[in-house]
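Quick note: the sequence shown, position 55, residue 55 per full-length UniProt numbering, numbers continuous.
Here a beta-carbon is modelled for each residue, glycine too, at the ideal position from N, C-alpha and C.
Data block below; observations after.
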Amino acid sequence: MTPDAGHEARYRAIAADLAAKIRSGHYAPGQALPPQRELSASYGVTLMTLRQALRELSDERLIVQQPGRGTFVAPPHLAYQLDSLRSLVDDLRKQGHDVRTAVTGQAVRRAPAHIAAQLRLRPGDSALRLERVREFAGRPAVHQVSWVRRPVADRIRDRDFTAVSLYAALADAGVTVARATEAVRPDLLGPAAARHLHEPQGSPVLVSIRITYTLDATPVVSDHATILGSMMEIRTERAATGLSLTWGATS
Numbered sequence: 001m002t003p004d005a006g007h008e009a010r011y012r013a014i015a016a017d018l019a020a021k022i023r024s025g026h027y028a029p030g031q032a033l034p035p036q037r038e039l040s041a042s043y044g045v046t047l048m049t050l051r052q053a054l055r056e057l058s059d060e061r062l063i064v065q066q067p068g069r070g071t072f073v074a075p076p077h078l079a080y081q082l083d084s085l086r087s088l089v090d091d092l093r094k095q096g097h098d099v100r101t102a103v104t105g106q107a108v109r110r111a112p113a114h115i116a117a118q119l120r121l122r123p124g125d126s127a128l129r130l131e132r133v134r135e136f137a138g139r140p141a142v143h144q145v146s147w148v149r150r151p152v153a154d155r156i157r158d159r160d161f162t163a164v165s166l167y168a169a170l171a172d173a174g175v176t177v178a179r180a181t182e183a184v185r186p187d188l189l190g191p192a193a194a195r196h197l198h199e200p201q202g203s204p205v206l207v208s209i210r211i212t213y214t215l216d217a218t219p220v221v222s223d224h225a226t227i228l229g230s231m232m233e234i235r236t237e238r239a240a241t242g243l244s245l246t247w248g249a250t251s
């Protein structure tokens, strides 16, 4: 084995060992790894060799290196799928994630002007406002506010949305969801969502605005989700037909 090959074998073996420890839970998400000098000594290699191993783990998105602070296990990433029409929780559970929903508000209220416009309501009309926080990997990750137009809202207003998704409740009420339009854009965390997500105001987030329609093209749900950028990535499968993505400038 040449010297270069031996060096590569050493740092790849270290990367594989650390990756196995991260995936097994020996090092938990968000936990700091031991200092680099301690790790290099424990593996019997130079700092340069160790740092190459850490670069491998960083490329695999298993760790995050923060200058001046250390090396931390990366939080697990949720995939926000664009190729299906399901609720957020149903999407994440289909991927095998354990997601907990906390309902922070559930009441029929007068719809704000922009919600009334999205749902084609008359000025002053009321709708069901449903506010939820989605928790993943033991921490809040998504703040979601949904408005449901009446009379559909009256049929689901008393459902336990900690246990049932909004789309499932609509289906149980005999409402057939046909399609949805959705825009996802980067943004900075505002004060209201920051309180629910326990993150500093101004943190990077993704904002999803989705309007869901019934078979007769009536808008039935206006949904606004604030997603921590550190917790979720957008993922889709592209094909010659089927999924249409439109790229446009954010306003």
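Practice task
Report yes or no: do three or more beta-carbon pairs, one from the region 134-148 and one from the region 217-227, lie closer than 8 angstroms?
Solution key: yes
Practice task
State buried or exposed for L188, treating a residue as buried only when at least 16 other CB atoms are found within 10 Å of its CB.
Solution key: exposed
Handout entry: Uninterrupted alpha helix (DSSP H) stretches inside the region 36-68 (no shorter than 4 residues)
Key = 36-43 and 47-59
Practice task
Reducing DSSP to helix, strand and coil, say where Q106 ends up.
Solution key: strand
Practice task
Compare the Cα-Cα distances from Q36 to each of L18, G25, G174 and E131 and report the closest residue.
Solution key: L18
Practice task
Determine the burial state of S24: buried for a count of at least 16 other Cβ atoms within 10 Å of its Cβ, exposed for fewer.
Solution key: exposed
Practice task
Would you mind working out which of L206, A153 and A102 sits nearest E131, comparing C-alpha positions?
Solution key: A102
Exercise for the section: Going by CA-CA distance only, name the one from P34, V177, R195 and S126 that's closest to T104. Expected result: R195
Exercise for the section: Pull up the distance between the alpha-carbon of S165 and that of H114, whole angstroms please. Expected result: 24 angstroms
Exercise for the section: Answer yes or no: do V220 and V175 have a C-beta to C-beta separation smaller than 9 angstroms? Expected result: yes
Practice task
Quick one: using the 10 Å Cβ neighbour count with 16 as the cut-off for buried, is A178 buried or exposed?
Solution key: exposed
Practice task
State the Cα-Cα distance for the pair S126 and P67, rounded to the nearest angstrom.
Solution key: 50 angstroms
Practice task
Let me know if L215 comes out buried or exposed under the rule of 16 or more other beta-carbons within 10 Å of its beta-carbon.
Solution key: exposed
Problem - Span separating the alpha-carbon of Q118 from that of T218 - result: 10 angstroms
Handout entry: Buried or exposed (CB count within 10 angstroms, at least 16 for buried), Q46
Key = The amino acid occupying residue 46 in the given sequence is Thr; Gln does not appear at that position. So T46 counts as exposed.
Handout entry: Residue of Q106, A15 and D154 minimising C-alpha distance to D59
Key = A15
Handout entry: For R132, the three-state DSSP class (helix, strand or coil)
Key = strand
Practice task
Pull up the distance between the alpha-carbon of Y213 and that of A180, whole angstroms please.
Solution key: 6 angstroms
Handout entry: Proximity winner among Q106, L50, R10 and L57, relative to A153 (alpha-carbon distances)
Key = Q106
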